[in-house]
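Engineer: Residue numbering for the sequence shown follows numbering that gives the first Met the number 0, beginning at 0 and increasing consecutively.
Think of the CB as a built atom: it goes at the ideal place given N, C-alpha and C, for glycine as much as any other residue.
Quick one: the structure is below, questions incoming.
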Amino acid sequence: MFDDEKSFFVNFIFTDEVVEKLGSRAIEIWMPFVDMKFSSLIKVIKNLDSDTRLKVLGATAMKTKRFILDISRSIKDNYVYGEDAILRALVRVFMGV
Numbered sequence: 000m001f002d003d004e005k006s007f008f009v010n011f012i013f014t015d016e017v018v019e020k021l022g023s024r025a026i027e028i029w030m031p032f033v034d035m036k037f038s039s040l041i042k043v044i045k046n047l048d049s050d051t052r053l054k055v056l057g058a059t060a061m062k063t064k065r066f067i068l069d070i071s072r073s074i075k076d077n078y079v080y081g082e083d084a085i086l087r088a089l090v091r092v093f094m095g096v
């Protein structure tokens, strides 16, 4: 029933530009997270009209895409400094700092 919405959600997040930045394995690595986000979102928006559902889906996909890019950038930027630096960077992303 929600195959079109899921396709939109995944394609919005994993554009060619994002896959180019993160690498070809990005979809495989991040897909469980994207599936979880989509599943929890569908529970909330399933009874909304189609226009509202599409707006909420797009906004959530945009936030999810930004989150994935921020996490990936934090890991790449701090990889050479070790596990503690990566952990600090991830905590900053989660806190929104």
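1) Confirm, please, whether the CB-CB distance from Ala60 to Asn77 is below 8 Å.
2) Would you report the Cα separation of Lys42 and Thr51, rounded to the nearest angstrom?
3) When you compare each of Phe11, Phe1, Gly22 and Asp2 to Gly57 by their alpha carbons, which one comes out closest?
4) Using only alpha-carbon positions, find the residue among Arg72, Tyr80, Lys62 and Leu47 that is nearest to Lys36.
5) For the alpha helix (DSSP H) that contains Lys36, what are its first and last residues?
Structural biologist: Taking the coordinates as given:
1) Residue numbering aside, residue 77 sits at position 78 when the sequence shown is read from its first letter. Residue numbering aside, residue 60 sits at position 61 when the sequence shown is read from its first letter. Against a cut-off of 8 Å, the Cβ pair of Ala60 and Asn77 comes out as no contact.
2) Counting from 1 along the sequence shown, the entry for residue 42 is found at position 43. Counting from 1 along the sequence shown, the entry for residue 51 is found at position 52. Going from the Cα of Lys42 to the Cα of Thr51 covers about 14 Å.
3) Within the sequence shown, the letter at position 58 stands for residue 57. If we check each option's Cα against that of Gly57, Phe11 comes out closest.
4) As a first step, residue 36 is located in the sequence shown; it is residue number 37 there, counting from the start. Taking the Cα of Lys36 as reference, the smallest distance to any Cα among Arg72, Tyr80, Lys62 and Leu47 is reached at Lys62.
5) Within the sequence shown, the letter at position 37 stands for residue 36. For Lys36, the uninterrupted alpha helix (DSSP H) segment begins and ends at Ala25 to Ile44.
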